[in-house]
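Those protein sequence lines, which keep their order, are chains U and L. Taking this note's numbering, the leading residue of the first sequence gets 2, the next gets one more, and so forth. Taking this note's numbering, the leading residue of the second sequence gets 1096, the next gets one more, and so forth.
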Amino acid sequence: MLLPMSRNPEEPVYNRIEAARNALGLSRQELADKVGVHYQTVGYLEREEYSPSLVLALRIANALNQEVSDLFSLNPFKKGK
Amino acid sequence: MSKKNKIYWFEGVTEKGVKSLLTDENSKYRWLRSQRNRRILVVLMALGTALVAAGSYWPTLKTNLNLSDETSVVIYSVTAIFAIFAVLVGYLFLRISVRGIADAPDELLDERQIKIRDTSFRYAYYGFGYIVLVLLLLMNIGPEVKLFQPEGNDGSYLIISMMFLCAALPSMILAWRERDI
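As C-alpha cells, then:
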C-alpha cells in the first residue's frame, strides 16, 4: 500500500496537539497562522501522519503554552492524561 | 500601497499566484482537490501526453489505416491541436489541484510541503528516467521492432510530449499520492 509521502511509519511521533488546541479554543487555521504553517499541515500533525522538525515542535509548544515534552512523545500517550 | 508581486523566474510562478492557491481564495477550484478528482486528472494527463507522443507515429498509422492524404492531413492537424491544447489545460488544472506546491519555492511553503515537493521531484526524476530509457530501447531494439523510427515518422511530437511530461510529472505524482493537499 502506498503511504502518503509525508508519513513516517518507522518512527511515529505521538502528540496531544488537538487536545491542547481545543483547550485554548483555537481552530486549525488559527494555530497554523501562529506557527507559520499551512492548516493542512496541522491536520497531518494531529493525525500523527507527519513528524515535525524540532523548530516546528518548539513553535507549536510555544503557541499552545505547553512544554514540548508534554505535547510530543515517541510513545503513545495514555488516555485521559 | 500594495506589496510588489515577486516573480520566481526559475520556478515559473509568482508570489501572489502561489499564495492564492495555498489559501482557499479560489473556492471555485475546491472540487479539483479531492484525491479522486486529482487522480482522474493524472490519468487524463497521461493519456493526453501519450496521444501527443503518438503524433510521431502518425505516418505509419496513416499507411496502416489506408487513409488518403487529404483525410489524413485533416485528422492529423485537428487531433494534434486538440491534444496539445487539452494537455496544456490539463497541466493548468493539475497545478491548481496541488496548490502549485510542486512548482513553489521554499520560502512560500512550510516544512511538510517542502518535503512532499522534494519527494515528488525524486520520484519524477526516476519515473522520467525510466520512460526515456524505455523509449530509447524501443527506438533501437531489433530491425523489425523499431517502433518509433519507421520511414517518414517525425520525432518532434515525441519531444513535445516529453517536455510536457518533464514539467508535469512532479505535480502528477503529488496529485496521485497525497491524501489532503
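Ideal Cβ placement from N, Cα and C applies to all residues, glycine included.
Contact check, residue 72 of chain U vs residue 62 of chain U, beta carbons under 7 Å:
Counting from one through the first sequence, the residue named residue 72 of chain U turns up at place 71. Counting from one through the first sequence, the residue named residue 62 of chain U turns up at place 61. In this structure, residue 62 of chain U lies closer than 7 Å to residue 72 of chain U by Cβ.
Cβ pair count under 8 Å reaching 3, the segment 1134-1148 of chain L against the segment 1108-1123 of chain L
Output reads no: the segment 1108-1123 of chain L does not touch the segment 1134-1148 of chain L.
Is it buried or exposed for residue 1207 of chain L, if we count other Cβ within 10 angstroms and need 16 for buried?
Position 112 of the second sequence, counting from 1, holds the residue named residue 1207 of chain L. Its Cβ being crowded by 16 or more others within 10 Å, residue 1207 of chain L is buried.
Determine the direct distance from the alpha carbon of residue 1224 of chain L to that of residue 75 of chain U, and round the result to whole angstroms.
Start at 1 with the first residue of the first sequence, and residue 75 of chain U comes out as number 74. Start at 1 with the first residue of the second sequence, and residue 1224 of chain L comes out as number 129. Rounded to the nearest angstrom, the two C-alpha atoms are 38 Å apart.
Under 8 Å by beta carbon: chain U residues contacting residue 1260 of chain L
For the purposes of this step, residue 1260 of chain L is taken as the residue at position 165 of the second sequence. Under the 8 Å cutoff, chain U gives no residues; its nearest Cβ is about 20 Å from residue 1260 of chain L.
Strictly below 9 Å CB to CB, what residues from chain L border residue 28 of chain U?
Counted from its first residue, the first sequence places residue 28 of chain U at position 27. Near residue 28 of chain U there are no residues of chain L at all, since even the closest Cβ is about 13 Å away, more than 9 Å.
Could you name each continuous alpha helix (DSSP H) segment of 4 residues or more that falls completely within the segment 54-82 of chain U, going from the start of the chain to the end?
Secondary structure within the segment 54-82 of chain U: the alpha helix (DSSP H) runs of 4 or more consecutive residues, fully enclosed, are 55-64 and 69-72 (chain order).
Min CB distance residue 1190 of chain L to chain U below 7 Å:
The count along the second sequence starts at 1 and reaches residue 1190 of chain L at position 95. Chain U contact via Cβ: absent.
So residue 1154 of chain L is in the alpha helix (DSSP H); what residue range does that whole segment cover?
Here residue 1154 of chain L refers to the residue found at position 59 when the second sequence is read from its first residue. Unbroken alpha helix (DSSP H) run through residue 1154 of chain L: 1153-1159.
Inter-residue spacing [alpha-carbon to alpha-carbon] between residue 1220 of chain L and residue 1106 of chain L
Taking the first residue of the second sequence as 1, we reach residue 1220 of chain L at position 125. Taking the first residue of the second sequence as 1, we reach residue 1106 of chain L at position 11. Rounded to the nearest angstrom, the two C-alpha atoms are 16 Å apart.
Quick check: the Cα distance between residue 2 of chain U and residue 43 of chain U, rounded to an integer number of angstroms?
By 1-based counting over the first sequence, the position of residue 2 of chain U is 1. By 1-based counting over the first sequence, the position of residue 43 of chain U is 42. At residue 2 of chain U the pLDDT is 46, less than 50, meaning the model places this residue with poor confidence; the figure from the coordinates comes in the next sentence. The alpha-carbon atoms of residue 2 of chain U and residue 43 of chain U are separated by roughly 24 Å.
Going along chain U, which residues have a C-beta under 8 Å from residue 1110 of chain L?
For the purposes of this step, residue 1110 of chain L is identified with residue 15 of the second sequence, where counting begins at 1. For the C-beta of residue 1110 of chain L, not a single chain U residue is nearer than 8 Å; the gap to the nearest is close to 15 Å.
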